[in-house]
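Since the structure comes first, as structure tokens, the remarks are kept for the end.
2 protein chains.
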Amino acid sequence: MSDWFTLRWSEDGVVLLDQRQLPREEVYLTLDSVEEIARAIESLAVRGAPAIGCAAALGLARAACLSAAQDLEALRSDLEAAATRLARTRPTAVNLFWALERMGALAERALAEPHASVESVRGSLVAAAQEILAEDVRVCRAIGQAGLPLVPEGASILTHCNAGALATAGYGTALGVVRAAFEAGRKVRVLADETRPFFQGARLTAWELQRDGIPVTVITDNMAAHLMRRAEIDLVVVGADRIAANGDVANKIGTYGLAVLAREHGIPFYVAAPISTLDLATPCGDAIPIEERGRAEVAEILSQPIVPEGVPVRHPAFDITPARLVTAVVTERGLARAPYALSLAKLSGLSR
Amino acid sequence: MSDWFTLRWSEDGVVLLDQRQLPREEVYLTLDSVEEIARAIESLAVRGAPAIGCAAALGLARAACLSAAQDLEALRSDLEAAATRLARTRPTAVNLFWALERMGALAERALAEPHASVESVRGSLVAAAQEILAEDVRVCRAIGQAGLPLVPEGASILTHCNAGALATAGYGTALGVVRAAFEAGRKVRVLADETRPFFQGARLTAWELQRDGIPVTVITDNMAAHLMRRAEIDLVVVGADRIAANGDVANKIGTYGLAVLAREHGIPFYVAAPISTLDLATPCGDAIPIEERGRAEVAEILSQPIVPEGVPVRHPAFDITPARLVTAVVTERGLARAPYALSLAKLSGLSR
Numbered sequence: 161m162s163d164w165f166t167l168r169w170s171e172d173g174v175v176l177l178d179q180r181q182l183p184r185e186e187v188y189l190t191l192d193s194v195e196e197i198a199r200a201i202e203s204l205a206v207r208g209a210p211a212i213g214c215a216a217a218l219g220l221a222r223a224a225c226l227s228a229a230q231d232l233e234a235l236r237s238d239l240e241a242a243a244t245r246l247a248r249t250r251p252t253a254v255n256l257f258w259a260l261e262r263m264g265a266l267a268e269r270a271l272a273e274p275h276a277s278v279e280s281v282r283g284s285l286v287a288a289a290q291e292i293l294a295e296d297v298r299v300c301r302a303i304g305q306a307g308l309p310l311v312p313e314g315a316s317i318l319t320h321c322n323a324g325a326l327a328t329a330g331y332g333t334a335l336g337v338v339r340a341a342f343e344a345g346r347k348v349r350v351l352a353d354e355t356r357p358f359f360q361g362a363r364l365t366a367w368e369l370q371r372d373g374i375p376v377t378v379i380t381d382n383m384a385a386h387l388m389r390r391a392e393i394d395l396v397v398v399g400a401d402r403i404a405a406n407g408d409v410a411n412k413i414g415t416y417g418l419a420v421l422a423r424e425h426g427i428p429f430y431v432a433a434p435i436s437t438l439d440l441a442t443p444c445g446d447a448i449p450i451e452e453r454g455r456a457e458v459a460e461i462l463s464q465p466i467v468p469e470g471v472p473v474r475h476p477a478f479d480i481t482p483a484r485l486v487t488a489v490v491t492e493r494g495l496a497r498a499p500y501a502l503s504l505a506k507l508s509g510l511s512r
Numbered sequence: 161m162s163d164w165f166t167l168r169w170s171e172d173g174v175v176l177l178d179q180r181q182l183p184r185e186e187v188y189l190t191l192d193s194v195e196e197i198a199r200a201i202e203s204l205a206v207r208g209a210p211a212i213g214c215a216a217a218l219g220l221a222r223a224a225c226l227s228a229a230q231d232l233e234a235l236r237s238d239l240e241a242a243a244t245r246l247a248r249t250r251p252t253a254v255n256l257f258w259a260l261e262r263m264g265a266l267a268e269r270a271l272a273e274p275h276a277s278v279e280s281v282r283g284s285l286v287a288a289a290q291e292i293l294a295e296d297v298r299v300c301r302a303i304g305q306a307g308l309p310l311v312p313e314g315a316s317i318l319t320h321c322n323a324g325a326l327a328t329a330g331y332g333t334a335l336g337v338v339r340a341a342f343e344a345g346r347k348v349r350v351l352a353d354e355t356r357p358f359f360q361g362a363r364l365t366a367w368e369l370q371r372d373g374i375p376v377t378v379i380t381d382n383m384a385a386h387l388m389r390r391a392e393i394d395l396v397v398v399g400a401d402r403i404a405a406n407g408d409v410a411n412k413i414g415t416y417g418l419a420v421l422a423r424e425h426g427i428p429f430y431v432a433a434p435i436s437t438l439d440l441a442t443p444c445g446d447a448i449p450i451e452e453r454g455r456a457e458v459a460e461i462l463s464q465p466i467v468p469e470g471v472p473v474r475h476p477a478f479d480i481t482p483a484r485l486v487t488a489v490v491t492e493r494g495l496a497r498a499p500y501a502l503s504l505a506k507l508s509g510l511s512r
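Residue numbers (this note's numbering), protein chains in the order written: chain A, 161 to 512; chain B, 161 to 512.
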């Protein structure tokens, strides 16, 4: 993983690997304005709940640097406008709002300091955004360690979408568990659902695991049940975009179906996510907003129509997996198991 | 459906709509040799269990017409070679073998007739192949009528792959049930799984239903569970490539997962297929050979790589749905329900 990165701060802007172009090309974008950063999130140049949070944090830091404000009030106003724009990008992943709130609170503290200046607030925000990225990698490594006991020697691990280094500042959540097992010397292999419509599994999970030398095989989403029936899958581990207080999980469309299938076949179903993905203010999954995206991502591939013109499509980007189907939630503070209302609240309340 | 057809006999060869090019282009291929017909089946220019059977029947008739045999023994030998080649095309759909056996038995009778000649056998085979096509359409219409009582007014019907006019000589099996309901004036709408990797749902089911003015919406395969959970699907109806004596069903990869999901949500799961899809000589689904197809159909789309080079894929083209998950099998002779060992044997034994 040393020869590439998902996103990072630079003096020239926010630099990120354009995930729309993988695996065909490795192109790094340098995004100057908040608007460009917001559009990169909306268009899936960067995606994955923790990475979206990191991108938003970098976006606010960028807004501070670009601001022409001469005084603190003007700077606060510019930061609020930037936060509003970034918050509008995608509704489901709660890490976006978590990062914006954390950066906002930090900005308020910096603005309120005795000798605060536009320059000092800028410096605080740039440092804070970079710390959010560094922390995200540490958190992912801790998730990997927490999940390690769940992965038997020789396991075939099914994952959906990409909850890897590309979905975080590095290392990954679901793929963090895989990496931890691999680094511990366990012979594991990954089956990656291709994950229609955006092919995060086929394009991204396959790409980053191949880069790390971890055995990976791609399947279409509709093959998982068949392989489970043939006992070719030992466990499922996925990421999450938001986890409600009762343990219901919002994640990439298709996750819920996999959870039902895993239960049917007696296969453990794990959700790996940082504490920042918990949303204890949302009581249950049905209260989580599900983003509906546009027609083209389903109806066209590489700009070629797959669906006849005039035929409508549906495009819910996420679904809700009820807590009863989740064997455990793997966080950087350890595992949560049912009843989740208790276990998640307890993990959330632990100090780091 | 009057302005297009799936396949038909002509003096110049077997004419079929190239399903690889739909929905972008409507191209009819005229296939001269048995080898061309076999390759059209292998490459999915024509697909769907009943249509494969029809194509094989037309192929044998074509072999008779092309044969340079001067006597009946030489003709028999040419026909056997053609049947052997056609039987090698695809292993799972039993209609292929059913059609070849039916044509072979007819050839034997024609060869054994008192005044048999190369010409008379040719004529018999051409007539028999055309009758198999005509019968297939009648059978599909009867399947539609048998399934009609299963479709409530206003139903949202999920289907997988294409078990429509394009999978038969016309009208369809699963889509025959939809067409019968639509023609009976019921307001129905179809949700079509796109059906990776070949997109039979997005490309073919959407195309033929749009042509008939039947409302259809395309979803990716991994959306079905989410829509079931939201009570947006009233019933599932799919076709079959082979049905074992105990009622286990081989059908397009992804069917089994849908059946599990339908059961989980209390949604009826119907299999619509002609009696020729029954294989009472095969005791159960695990004895049905599952075709494994090549990498490119999964790893590339429109000749562009989706999966990184060097990353393997899996490609089982079919899966097995155990009989316990099938609410009813809809045939041209009526419905079969559990216990299927009895009900299927009974339907199979009925005279037409």
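Glycine included, each C-beta is placed from N, C-alpha and C at the ideal position. Bear in mind that the values here come from a model prediction, so they are computed numbers and not experimental data.
The way I'd put it, the region 175-195 of chain B doesn't touch the region 379-396 of chain B; fewer than three beta-carbon pairs between them come closer than 8 Å. Cβ atoms of A234(A) and V194(A) stay farther apart than 8 Å, at about 16 Å.
Relative to D172(A), the option among W164(A), Y188(A), L182(A) whose CA is nearest is Y188(A). For the region 445-476 of chain A, the beta-carbon criterion of a distance under 9 Å to any beta-carbon of chain B is satisfied by I450, V458, A459, I461, L462, Q464, P465, I466, V467, P468, E469, G470, V471, P472, V473, R474, H475, P476. In this structure, the beta-carbon distance from D372(A) to L318(A) does not fall below 8 Å. Going by DSSP, S170(B) is part of the beta strand (DSSP E) stretching over 167-170. Contacts with chain A at 8 Å (Cβ-Cβ) do not include F342(B). In the DSSP annotation of this structure, K347(A) is not part of any beta strand (DSSP E), being labelled neither H nor E. As far as DSSP is concerned, K506(B) takes part in no beta bridge.
Within chain B, the residues whose beta carbon sits less than 7 Å from that of W367(A) are P468, listed in sequence order. As for any alpha helix (DSSP H) of minimum length 4 sitting wholly inside the region 211-274 of chain A, the runs are 232-247, 254-272, ordered along the chain.
Residue-level contact by beta carbon holds for Q370(A) and chain B, with a gap shorter than 8 Å. For R356(B), the three-state secondary structure derived from DSSP is coil.
Interface flag for V206(B) against chain A is unset, since no Cβ pair is found closer than 8 Å. Residue state for Y430(B) is assigned as strand, using DSSP reduced to three classes. Residue contact with chain B for Y416(A): present (Cβ-Cβ distance below 8 Å to some residue of chain B). V254(B) is the residue among L191(B), A223(B), D238(B), V254(B) whose C-alpha sits nearest the C-alpha of I212(B).
Within chain B, no residue has its beta carbon less than 9 Å from that of N406(A); the closest one is some 16 Å off. Beta-bridge partners assigned by DSSP to A496(B): V489(B). In this structure, V281(A) is the residue among L395(A), V281(A), S203(A) with its C-alpha nearest to the C-alpha of L220(A). Among the residues facing chain B, L326(A) is not included, as its CB has no counterpart in that chain under 8 Å away.
D381(B): not part of any alpha helix (DSSP H); DSSP gives it neither H nor E. With contacts defined by Cβ atoms closer than 8 Å, H386(A) and I374(B) do not form a contacting pair. Per DSSP, the unbroken alpha helix (DSSP H) holding L285(A) starts and ends at 278-307. Annotation for Y331(A): no alpha helix (DSSP H) segment contains it, and DSSP assigns it neither H nor E.
Runs of the beta strand (DSSP E) lying entirely within the region 397-426 of chain B, each at least 3 residues long, are 402-404, 409-412 in chain order. The shortest CA-to-CA distance from V471(A) to any of S463(A), P482(A), T481(A), A459(A) is the one to A459(A). In this structure, E457(B) lies away from F478(B), with their beta-carbon atoms at least 8 Å apart. Taking R493(B) as reference, the option from Q305(B), Y416(B), E368(B), A247(B) with the minimal CA-CA separation is Q305(B). Taking every protein chain shown into account, the CB of Q230(B) has fewer than 16 other CB atoms within 10 angstroms, so this residue is exposed.
In the three-state DSSP reduction, I461(A) falls in the strand class (E or B). Cβ contact annotation for R349(B) (same chain, cutoff 6 Å, sequence separation greater than five): S316, P375, in chain order. Residue pairing of F478(A) in beta bridges, as defined by DSSP: K412(A). With a cut-off of 8 Å on Cβ pairs, the region 491-511 of chain B is not in contact with the region 412-432 of chain A, counting fewer than three such pairs.
The C-alpha of G307(B) lies about 8 Å from the C-alpha of A340(B). At least one beta carbon of chain B lies nearer than 8 Å to the beta carbon of A362(A).
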